[in-house]
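One structure is given below, encoded as structure tokens.
Numbering (the working numbering), first residue to last: 188 to 359.
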């Protein structure tokens with residue numbers, strides 16, 4: 188009910204289907220500002236606006252995974268890497284809920300990095316700080332959670348552990 192109108196509106200706003208291939212994090216930021224300037228006349232408008240940005244972000248991620256636009260050095264094994272990370276945490280004695288949460292944060296970090304145009308080598312302490320405090324546009328996480336300090340600590344810890352794992356430092 189929301190996906191097609193959201194994608195069509197974004198495509199029209201950005202200048203057509205070919206232009207969408209060039210969209211980046213700054214584009215998403217400008218589009219967020221555009222959406223939040225639109226008047227809310229009905230409950231549908233409010234719900235559409237809140238979901239629309241997530242649909243657009245997922246479209247951009249899809250285009251990257253299909254090789255239709257730059258993936259910024261990331262490849263198609265992101266999901267497998269997150270699952271291997273979660274499994275490694277389980278082997279280390281993490282509980283299922285904690286390991287799953289860390290795996291979700293890892294997937295969120297990858298989606299965020301792709302949308303920001305950052306490759307793996309650019310994920311350092313500054314990038315993690317940016318990730319921890321960002322307002323989510325990918326639709327993986329409730330935006331309101333980002334402001335909760337304990338949630339930010341968990342997000343930071345998971346990101347650091349994941350990057351260590353991805354670099355080979357936490358594997359058996």
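Here a beta-carbon is modelled for each residue, glycine too, at the ideal position from N, C-alpha and C.
Item                                                                                                                                   : Value
Inter-stretch contact (C-beta, 8 Å, three-pair minimum) for the stretch 238–256 and the stretch 277–290                                : no
Exposure label - residue 240; buried when at least 16 CB within 10 Å                                                                   : buried
For residue 279, the nearest candidate out of 207, 354, 348 and 192 (CA to CA)                                                         : 348
Status (buried if at least 16 other CB within 10 Å, exposed otherwise) for residue 223                                                 : exposed
CB of residue 302 within 8 Å of CB of residue 246, strictly                                                                            : no
Distance CB(residue 355)-CB(residue 306) smaller than 8 Å                                                                              : no
Contacts around residue 242, its chain only, beta-carbon distance under 6 Å, and the 5 residues preceding and following it disregarded : 190 and 193
Closest Cα partner of residue 315 within the set 336, 350, 335 and 202                                                                 : 350
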